[in-house]
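Reviewing the structure listed below.
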Amino acid sequence: MAETKPTATAPKSSTSVQPKKDSNLVATLAPILCILGGYFIWRIVLGSAGNFTNPDPDPSHWFWPAHQGPKGTFTKMYEGGIVVPILIGSFLIAVTFSIERMLTISKATGAGNIAEFIRKVQFHLANKEVDKALAECDKQKGSVGNVMKAGLRKYKEMISNTELATEQKVLNIQKEIEEATALELPMLEKNLVFLSTIASVATLLGLFGTVLGMIRSFSKLGDEGGGEAARELSQGISEALYNTALGIGTSAIAIIMYNMFTTRIDGITYGIDESGFTLTQSFAANYK
Numbered sequence: 546m547a548e549t550k551p552t553a554t555a556p557k558s559s560t561s562v563q564p565k566k567d568s569n570l571v572a573t574l575a576p577i578l579c580i581l582g583g584y585f586i587w588r589i590v591l592g593s594a595g596n597f598t599n600p601d602p603d604p605s606h607w608f609w610p611a612h613q614g615p616k617g618t619f620t621k622m623y624e625g626g627i628v629v630p631i632l633i634g635s636f637l638i639a640v641t642f643s644i645e646r647m648l649t650i651s652k653a654t655g656a657g658n659i660a661e662f663i664r665k666v667q668f669h670l671a672n673k674e675v676d677k678a679l680a681e682c683d684k685q686k687g688s689v690g691n692v693m694k695a696g697l698r699k700y701k702e703m704i705s706n707t708e709l710a711t712e713q714k715v716l717n718i719q720k721e722i723e724e725a726t727a728l729e730l731p732m733l734e735k736n737l738v739f740l741s742t743i744a745s746v747a748t749l750l751g752l753f754g755t756v757l758g759m760i761r762s763f764s765k766l767g768d769e770g771g772g773e774a775a776r777e778l779s780q781g782i783s784e785a786l787y788n789t790a791l792g793i794g795t796s797a798i799a800i801i802m803y804n805m806f807t808t809r810i811d812g813i814t815y816g817i818d819e820s821g822f823t824l825t826q827s828f829a830a831n832y833k
């Protein structure tokens, strides 16, 4: 009986891409701390007894004292009601995550111009100088550089591989780039959901606070009547509109920051796509 020889199989290509360790502590604590900070500003700063001509003397009303006669325009926000601290907290959330995303995306953008970086890598690959291309990735220090570096390591590995066909080598490089991209993109888009949510909810919260204030004002008008009630009605409407102003302002800031960040992320994503195309086309052209 004739012996059957085992068929040779191509070695499995190992990946150099490692998952990034990520902590969601900011996303967990920041909203809670911001809401508490909003209540602190509303209750302690705006609601200080010294800011009113007729402060509430009852200590049992510590959570929401019924102060009257605000001395300043800014202090009138206190009489906007319990929705005001939530709106202030929403504003603080928008500011917090705007700063957090700004720092993260700035780091992901890296040093220098992305298009110029890709041109330098293309030049080195055209001259078959892979190590110099890797050195450019170390200088770039951004998401595009990280993806390009992962692809270049596989690129260099495939050059010395004599067992696979060119098409298989290109597929291995492409797979490495896709894995590196899959790790980079979630970091860029992380926490943007807070800005998009605040952009939608802040205006509704402001309108909700305004409606509550209007209900309270018209209730006083019906109970009291006369010129004094009309004065309190106009004052109550003015106070209620602070909710609308704060909600619209917070929503506007969140929308502007969200659009700015998504535009910058689109630029980084385009650079990643272009870098992947550059590597696969260079290998296919130089190592047929």
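Counting the sequence shown from 1 gives a position; the working numbering is that position plus 545. Every residue gets a Cβ at the ideal spot worked out from N, C-alpha and C, and that includes glycine. Because the structure is a prediction, the values reported are computed rather than measured.
Extent of the continuous alpha helix (DSSP H) run through residue i
i: Asn-717; result: 711-734
i: Ile-659; result: 659-671
i: Leu-591; result: Counting along the chain, Leu-591 falls outside any alpha helix (DSSP H), and DSSP gives it neither H nor E.
i: Lys-684; result: 675-685
Spatial distance of residue i from residue j (CA atoms)
i: Gly-614; j: Tyr-803; result: 39 angstroms
i: Val-675; j: Arg-646; result: 33 angstroms
i: Ser-635; j: Lys-673; result: 53 angstroms
i: Ala-611; j: Leu-778; result: 17 angstroms
i: Val-689; j: Arg-698; result: 14 angstroms
i: Thr-552; j: Thr-711; result: Because the pLDDT at Thr-552 is just 41, under 50, the model does not fix this residue reliably, and the value given afterwards should be weighed accordingly. If I take the Cα positions, the gap works out to 20 angstroms.
i: Thr-549; j: Ser-705; result: Any answer about Thr-549 is weak, because its pLDDT of 44 lies below 50 and its placement is not dependable; what the coordinates show is given next. Answer to the nearest angstrom: the Cα atoms are 30 angstroms apart.
i: Lys-714; j: Gly-821; result: 14 angstroms
i: Phe-806; j: Glu-729; result: 15 angstroms
i: Gln-685; j: Glu-721; result: 19 angstroms
i: Ser-643; j: Ser-745; result: 16 angstroms
i: Thr-808; j: Phe-668; result: 28 angstroms
i: Ala-680; j: Thr-641; result: 35 angstroms
i: Leu-824; j: Ala-575; result: 40 angstroms
i: Gly-751; j: Ala-594; result: 25 angstroms
i: Leu-632; j: Phe-585; result: 12 angstroms
i: Asp-683; j: Lys-694; result: 8 angstroms
i: Ala-639; j: Ser-762; result: 31 angstroms
i: Thr-517; j: Leu-757; result: Nothing can be reported for residue 517: it is not among the residues displayed for the chain, which extend from 546 to 833.
i: Pro-600; j: Trp-609; result: 12 angstroms
One or two residues paired with residue i in a DSSP bridge
i: Pro-615; result: Phe-597
Burial state of residue i, where buried means 16 or more other Cβ atoms lie within 10 Å
i: Trp-607; result: exposed
i: Val-692; result: buried
i: Glu-708; result: exposed
i: Leu-570; result: exposed
i: Ser-764; result: exposed
i: Asn-658; result: exposed
i: Ser-605; result: exposed
i: Tyr-700; result: buried
i: Val-628; result: buried
i: Ser-625; result: It is worth fixing the name first, because residue 625 is Gly in this sequence and not Ser. Result: buried.
i: Asn-717; result: buried
i: Leu-637; result: buried
i: Glu-784; result: buried
i: Pro-556; result: Low confidence applies to Pro-556: its pLDDT is 43, below 50, so where it sits in the model is not reliable, and the reading given next is rough at best. Pro-556 comes out exposed.
i: Val-590; result: exposed
i: Phe-619; result: exposed
i: Ile-577; result: exposed
i: Glu-661; result: exposed
Which of helix, strand or coil DSSP assigns to residue i
i: Trp-607; result: coil
i: Pro-576; result: helix
i: Ile-627; result: coil
i: Tyr-832; result: coil
i: Glu-702; result: helix
i: Gly-758; result: helix
i: Thr-707; result: coil
i: Gly-655; result: coil
i: Asn-569; result: coil
i: Ile-813; result: helix
Beta carbon proximity, residue i to chain D, threshold 9 angstroms
i: Leu-670; result: You won't find chain D in this structure, because it holds only one protein chain.
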